[in-house]
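S.K.: Under my numbering, think of the first position of the sequence shown as 483, with each following residue one higher. Mind having a look at this structure? Questions to follow.
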Amino acid sequence: MPVRRKNFLITLLRLFPLHTRRLLIILLMFCVLPPVAHAQQSSALYDVFFDPVEQDLYFVDASTGLSSVSHVEGSQHLLLSTGVLFQEKGTGFARLVAPRSSTVLTWMQPATADTTVQWITSPDRKTLVWAVIQNSGGRLNTELHVGQINGSDAKIVKRIDSTEGRAAYPLAITNDAQVLFYTLQPPPSPITYLVFPVAADVYRLDIASGQDAQLPDEPNCACPAGFSEDGQFYARFERDSDGSGFAVRLWSLPNEADTLIPVISDLLHTQAGDVLISDDGNRIVYASARGISAGRSERYAIILADRQRNTQSLLTEALTDGLRPLSFTPDGNSVILVGLAKGGTYKLNLASRTMLQVSAYNFLGQLAN
Numbered sequence: 483m484p485v486r487r488k489n490f491l492i493t494l495l496r497l498f499p500l501h502t503r504r505l506l507i508i509l510l511m512f513c514v515l516p517p518v519a520h521a522q523q524s525s526a527l528y529d530v531f532f533d534p535v536e537q538d539l540y541f542v543d544a545s546t547g548l549s550s551v552s553h554v555e556g557s558q559h560l561l562l563s564t565g566v567l568f569q570e571k572g573t574g575f576a577r578l579v580a581p582r583s584s585t586v587l588t589w590m591q592p593a594t595a596d597t598t599v600q601w602i603t604s605p606d607r608k609t610l611v612w613a614v615i616q617n618s619g620g621r622l623n624t625e626l627h628v629g630q631i632n633g634s635d636a637k638i639v640k641r642i643d644s645t646e647g648r649a650a651y652p653l654a655i656t657n658d659a660q661v662l663f664y665t666l667q668p669p670p671s672p673i674t675y676l677v678f679p680v681a682a683d684v685y686r687l688d689i690a691s692g693q694d695a696q697l698p699d700e701p702n703c704a705c706p707a708g709f710s711e712d713g714q715f716y717a718r719f720e721r722d723s724d725g726s727g728f729a730v731r732l733w734s735l736p737n738e739a740d741t742l743i744p745v746i747s748d749l750l751h752t753q754a755g756d757v758l759i760s761d762d763g764n765r766i767v768y769a770s771a772r773g774i775s776a777g778r779s780e781r782y783a784i785i786l787a788d789r790q791r792n793t794q795s796l797l798t799e800a801l802t803d804g805l806r807p808l809s810f811t812p813d814g815n816s817v818i819l820v821g822l823a824k825g826g827t828y829k830l831n832l833a834s835r836t837m838l839q840v841s842a843y844n845f846l847g848q849l850a851n
């Protein structure tokens with residue numbers, strides 16, 4: 483895989499007017515990027531960016547501004563604690579790319595015409611979950627695997643054989659790798675216009691015992707679902723009676739207490755997803771879309787659901803390019819978003835609703851290597 487080096491920060495800053503460059507450097511280093519106290523002193527720290535248009539991955543040395551750039555044509559680009567995992571176009575292999583290496587994960591089954599492989603990682607990026615879904619003459623066989631990102635301790639934690647056309651897809655796993663959430667549903671139809679992934683029947687799997695159970699009020703509509711990083715809060719979206727907009731039901735899973743946050747009136751959006759929940763469960767930020775035909779111009783919005791005020795409100799509206807909420811800033815006052823099609827990283831202030839672009843590429847996170 484070809485690697486080229488250049489001063490990434492200089493190239494990036496040339497995209498902006500001269501008088502804003504100093505401000506953008508400060509924002510990039512102190513506002514956008516998460517705390518780095520966990521990094522080892524002997525490791526180099528990299529800011530990782532992805533260009534979804536050119537399918538290039540940038541590992542930017544945080545101390546020098548120099549970067550290694552790798553072409554990563556494929557799908558499912560996911561930042562782990564040792565590199566970026568993606569599914570290679572053409573081969574279907576799972577490949578892990580780091581600043582000085584590129585490795586095919588031979589212990590993961592590649593995707594084929596009859597086999598789908600999908601993965602997620604834990605919030606600390608140390609545990610990997612992957613689903614292997616095989617279509618055998620109309621029968622769907624799913625294996626849910628959990629393991630460390632180097633392949634150690636990998637095991638199958640759930641097998642599901644379905645004659646009803648349903649497969650299991652992982653949604654979230656806790657940092658201790660003890661609780662896995664997954665949805666059981668038909669694979670997405672290639673002829674259905676789907677802006678965001680949905681969940682239809684959500685389960686909680688205790689990995690140690692192998693016991694699983696449906697979450698409260700499941701099965702539900704094929705609607706968005708999301709979890710807090712510790713797995714304590716669960717947001718389930720409920721479609722409004724007229725088919726436009728969503729109410730958000732937030733569950734505190736330890737005591738199964740729920741709060742219903744009403745739908746926004748007159749919001750003609752039929753799809754939503756990319757759910758981000760604050761640690762205390764008080765704020766839920768998500769993306770929505772009109773959900774019209776793919777052949778027409780789509781419109782997007784970013785929405786805040788406030789549990790304490792029991793309201794939802796628009797943070798943006800009438801966006802022509804989709805944005806995905808990535809994380810809250812350390813002070814909790816803003817949200818970092820990345821572009822879906824054209825790329826870019828943005829900081830959105832929750833109080834003022836002002837949004838500032840801080841990078842032309844998608845920020846994935848930081849990596850010590």
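C-beta atoms are modelled at their ideal positions from N, C-alpha and C, and glycine is treated no differently.
Name the one or two DSSP bridge partners that C705 has.
M.R.: Residue 705 sits at position 223 when you count from the first residue of the sequence shown. C705 pairs with A681.
S.K.: Do F715 and I759 have their C-beta atoms closer together than 7 Å?
M.R.: For the purposes of this step, residue 715 is identified with residue 233 of the sequence shown, where counting begins at 1. For the purposes of this step, residue 759 is identified with residue 277 of the sequence shown, where counting begins at 1. Yes; because the gap between Cβ atoms is below 7 Å, this pair is in contact.
S.K.: Would you say the beta carbon of H553 comes nearer than 6 Å to a heavy atom of the ligand MN?
M.R.: Absence of the ligand MN from the depicted structure is noted, as is the absence of any ligand whatsoever, leaving it without description.
S.K.: Terminal residues of the continuous beta strand (DSSP E) containing A650?
M.R.: Numbered from its first residue, the sequence shown carries residue 650 at position 168. Run containing A650: 649-655, per the beta strand (DSSP E) assignment.
S.K.: If the criterion is Cβ atoms closer than 7 Å, does the pair A636 and L626 meet it?
M.R.: Counted from its first residue, the sequence shown places residue 636 at position 154. Counted from its first residue, the sequence shown places residue 626 at position 144. The answer is no: Cβ separation not under 7 Å.
S.K.: So, do the stretch 656-674 and the stretch 596-606 have three or more beta carbon pairs nearer to each other than 8 Å?
M.R.: Because the criterion of three Cβ pairs below 8 Å is met, the stretch 656-674 and the stretch 596-606 touch.
S.K.: Is it the case that the Cβ atoms of Y528 and L849 are separated by a distance below 7 Å?
M.R.: Walking along the sequence shown from the start, residue 528 turns up at place 46. Walking along the sequence shown from the start, residue 849 turns up at place 367. Yes, the pair counts as a contact, with Cβ atoms nearer than the cut-off.
S.K.: Are the Cβ atoms of V820 and N844 separated by less than 7 Å?
M.R.: Within the sequence shown, residue 820 is the residue found at index 338, counting from 1. Within the sequence shown, residue 844 is the residue found at index 362, counting from 1. Yes, these two residues count as a Cβ contact at 7 Å.
S.K.: Compute the beta-carbon to beta-carbon distance between V551 and V579, rounded to the nearest angstrom, for a pair I have assumed lies under 8 Å.
M.R.: Position 69 of the sequence shown, counting from 1, holds the residue named residue 551. Position 97 of the sequence shown, counting from 1, holds the residue named residue 579. Contact flag wrong, Cβ pair sits at about 11 Å.
S.K.: May I ask you to list the residues that DSSP assigns as paired with F845?
M.R.: As a working note, residue 845 is residue 363 in the sequence shown. Looking at the DSSP assignment, F845 forms a beta bridge with F531.
S.K.: Alpha carbon to alpha carbon, how far is A739 from V745?
M.R.: As a working mapping, residue 739 is identified with position 257 in the sequence shown. As a working mapping, residue 745 is identified with position 263 in the sequence shown. Straight-line Cα distance between these residues: approximately 19 Å.
S.K.: Taking 7 Å as the limit between beta carbons, can you name the residues of its chain near T752, skipping five residues before and five after?
M.R.: In the sequence shown, counting from the first residue as 1, residue 752 sits at position 270. G725, S726, R772, G773, listed in sequence order.
S.K.: According to the Cβ coordinates, are G847 and V530 closer than 7 Å?
M.R.: As a working note, residue 847 is residue 365 in the sequence shown. As a working note, residue 530 is residue 48 in the sequence shown. Cβ atoms of G847 and V530: closer than 7 Å.
S.K.: Under the rule that 16 or more other beta-carbon atoms within 10 Å means buried, what is A707, buried or exposed?
M.R.: Residue mapping note: residue 707 aligns to position 225 of the sequence shown, counting from 1. Classification of A707: buried, given that the 10 Å Cβ count is 16 or more.
S.K.: Hey, out of A769, N764, R781, whose CA is closest to T793's CA?
M.R.: As a working mapping, residue 793 is identified with position 311 in the sequence shown. Of the candidates A769, N764, R781, the one whose C-alpha sits nearest the C-alpha of T793 is N764.
S.K.: Could you name the residues of the same chain whose beta carbon sits closer than 8 Å to that of V514, not counting the 5 residues immediately before and after it, in chain order?
M.R.: Here residue 514 refers to the residue found at position 32 of the sequence shown. Because the pLDDT of V514 is 48, which lies under 50, any placement of that residue in the model is unreliable, and the question is left without a value.
S.K.: If you draw a straight line from the alpha carbon of D683 to that of P668, how long is it in whole angstroms?
M.R.: Here residue 683 corresponds to residue number 201 of the sequence shown, with the count starting at 1. Here residue 668 corresponds to residue number 186 of the sequence shown, with the count starting at 1. Their backbone Cα atoms lie some 10 Å apart in a straight line.
S.K.: Measure from the alpha carbon of T852 to the alpha carbon of each residue in G814, N702, T798, A544, then state which is nearest.
M.R.: The first residue shown for the chain is 483 and the last is 851, placing residue 852 beyond what the model contains.
S.K.: Please tell me whether L786 and G804 are closer than 7 Å, where the distance is taken between their beta carbons.
M.R.: Position 304 of the sequence shown, counted from the first residue, corresponds to residue 786. Position 322 of the sequence shown, counted from the first residue, corresponds to residue 804. Against a cut-off of 7 Å, the Cβ pair of G804 and L786 comes out as no contact.
S.K.: Please give me, in chain order, every unbroken run of the beta strand (DSSP E) with length at least 3 that falls completely inside the stretch 762-821.
M.R.: Fully enclosed beta strand (DSSP E) runs of 3 or longer: 765-771, 782-788, 793-796, 805-810, 816-821.
S.K.: With DSSP run on the structure shown, which of helix, strand or coil describes Q753?
M.R.: On the sequence shown, residue 753 is found 271 positions in, with the first residue counted as 1. Looking at Q753 - three-state DSSP - the assignment turns out to be strand.
S.K.: State the Cα-Cα distance for the pair F728 and R718, rounded to the nearest angstrom.
M.R.: Numbered from 1 along the sequence shown, position 246 holds the residue referred to as residue 728. Numbered from 1 along the sequence shown, position 236 holds the residue referred to as residue 718. The alpha-carbon atoms of F728 and R718 are separated by roughly 10 Å.
S.K.: With distances taken between CB atoms, is the gap from V661 to G713 smaller than 7 Å?
M.R.: For the purposes of this step, residue 661 is taken as residue 179 along the sequence shown, with counting starting at 1. For the purposes of this step, residue 713 is taken as residue 231 along the sequence shown, with counting starting at 1. Yes. Within cutoff.
S.K.: I need the DSSP call for K829, collapsed to helix, strand or coil.
M.R.: As a first step, residue 829 must be located in the sequence shown, where it is residue number 347. Looking at K829 - three-state DSSP - the assignment turns out to be strand.
S.K.: Cβ of V566 within 7 Å of Cβ of F575?
M.R.: What you label residue 566 is simply residue 84 of the sequence shown in a count that begins at 1. What you label residue 575 is simply residue 93 of the sequence shown in a count that begins at 1. No. Outside cutoff.
S.K.: I need the DSSP call for G725, collapsed to helix, strand or coil.
M.R.: Sequence index remark: in the sequence shown, residue 725 carries index 243 (1-based). Correct three-state label for G725: coil.
S.K.: List the endpoints of the continuous beta strand (DSSP E) containing Q616.
M.R.: As a working note, residue 616 is residue 134 in the sequence shown. Here the beta strand (DSSP E) through Q616 covers 609-618.
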